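Protein chains in written order, with the numbering used here: chain R, 592 to 776; chain D, 592 to 776. Working notes for the structure below.
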DNA sequence: GGACGACGAGACGGTTGCGTCGCGACGTAA
DNA sequence: TTACGTCGCGACGCAACCGTCTCGTCGTCC
């Protein structure tokens, strides 16, 4: 029987190592070292660096994304931005996510896993939000949910991950208002 | 006298290698191999992998970014999106840019170089566009140029680099309309 | 209390890249 | 013609990591 605490320690170490050096530089030796574990313990569970990371991403996907239902488009958008900004302001996550996105272009398995773990659920939530807004008459029926997602999270991702600028007081409110106006256009 | 054609071959190889394997995995040996050049020729010009890349980014910065002046906010925004989408659809650039952005978090020198090469000029252009629009009465004086940049290029970057989805016919027009509406909100 | 299996540690040969050095070939400028 | 500097090539010792293996230890079931 594999010891659960060892498994958890390895998973945590992978996460930290991924943030510290990135997928490309990450080594099994480094993970074992950080976890305070023998290399054997790692190889007994996963067969490669790639499977380790895929496992981690899948675990993340299992969490799911809460679908907001605040009763107004603005409220839903604001709630989405709140959740996304929490995730992207986490220093480890904000390093790991873009790193894996870059690697995804080179490893189809990573690409698929991320798509399943993040994009699909995000697109699902966006589709729900748009559907509700259309039902309330807040948006035209022709609204494309994918474009909605672009307009809602794009500016936030750009600011937090690309520019790496802070979020001034009330900025999420502004972004939410902007997004609603953009969707109505 | 260092031979110019050799220098150019190395620079080109760095660019290709950066796109193929990323900064983390990039090696001087690989660059020399790809350029058809001895390692000596590389070390004679640059002292490390980092200086090679910094040199490349600086060269990119020297190009500058053309400031649109179409006479309308929509026109300016549309022009900005056009330029940005051309850059981000280039398969090599769309691999190299996010890769360097991720590495920037670990190497302050890269961060500074990218800031000087891309963000500063983008922010400058955005400031000009906003200023003109304010002068025409298209935007309120209180408009924050940085937020304008977030709202204009964020959705495009998200779609092209993060989601890696295509650009349907007329999508840039939609994005431009959305951005204008968002800025007016 | 004995058998079993996972554990950490670390040795193993192999691969890759590091940065330096020496080689003979080539081109250019005195 | 001679002298010099760069060229491609490849060897050098060093370091890190690969994936496999063999230890002796420890905890848990039967």
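Even glycine gets a Cβ: it sits at the ideal position worked out from N, Cα and C. The model shown is predicted, which means the values in this text are computed figures rather than measured ones.
Along the chain, where does the alpha helix (DSSP H) that runs through residue i open and close?
i, result
"residue 677/R", "664–680"
"residue 630/D", "630–634"
"residue 769/R", "762–775"
"residue 735/R", "It is not in any alpha helix (DSSP H) - residue 735/R carries neither H nor E in the DSSP assignment."
"residue 777/D", "Lying outside 592 to 776, the shown extent of chain D, residue 777/D is not represented and no answer is given."
"residue 638/D", "Taken as a continuous stretch (DSSP letters only), residue 638/D belongs to no alpha helix (DSSP H), as it is neither H nor E."
"residue 603/R", "595–616"
"residue 720/R", "711–727"
"residue 626/R", "619–626"
"residue 689/R", "684–695"
Going along the chain, which residues of its own chain have a beta-carbon closer than 7 Å to the beta-carbon of residue i, five neighbours each way excluded?
i, result
"residue 827/R", "This structure leaves residue 827/R out entirely; chain R is present only between 592 and 776."
"residue 732/D", "725"
"residue 736/R", "714, 717, 718, 721"
"residue 766/D", "672, 746, 747"
"residue 619/D", "630, 633, 640"
"residue 678/D", "684"
"residue 597/R", "628, 632"
"residue 756/D", "750"
"residue 707/D", "652"
Examine the ligand NAD and report whether any of its heavy atoms sits within less than 8 Å of the Cβ of residue i.
i, result
"residue 667/R", "Summarising the ligand content, the structure contains no ligands, and the ligand NAD is consequently not present."
Going along the chain, which residues of its own chain have a beta-carbon closer than 8 Å to the beta-carbon of residue i, five neighbours each way excluded?
i, result
"residue 629/D", "623"
"residue 625/D", "604, 607, 608"
"residue 533/D", "Any question about residue 533/D goes unanswered here, given that chain D covers just 592 to 776."
"residue 682/D", "610"
"residue 754/D", "none"
"residue 635/R", "593"
"residue 667/R", "659, 660, 661, 720, 723, 724"
"residue 595/D", "none"
Can you check whether the CB of residue j is closer than 9 Å to the CB of residue i?
i, j, result
"residue 763/R", "residue 680/R", "no"
"residue 652/D", "residue 709/D", "yes"
"residue 689/R", "residue 693/D", "yes"
"residue 776/D", "residue 720/R", "no"
"residue 746/D", "residue 728/R", "no"
"residue 656/D", "residue 674/D", "yes"
"residue 768/R", "residue 665/R", "yes"
"residue 701/D", "residue 641/D", "yes"
"residue 650/R", "residue 616/R", "no"
"residue 723/D", "residue 684/D", "no"
"residue 645/D", "residue 704/D", "yes"
"residue 658/R", "residue 627/R", "no"
Excluding the five sequence neighbours on either side, which residues of its own chain have a C-beta within less than 6 Å of the C-beta of residue i, listed in chain order?
i, result
"residue 637/D", "643"
"residue 686/R", "610"
"residue 621/R", "608"
"residue 697/D", "none"
"residue 613/D", "690"
"residue 711/D", "none"
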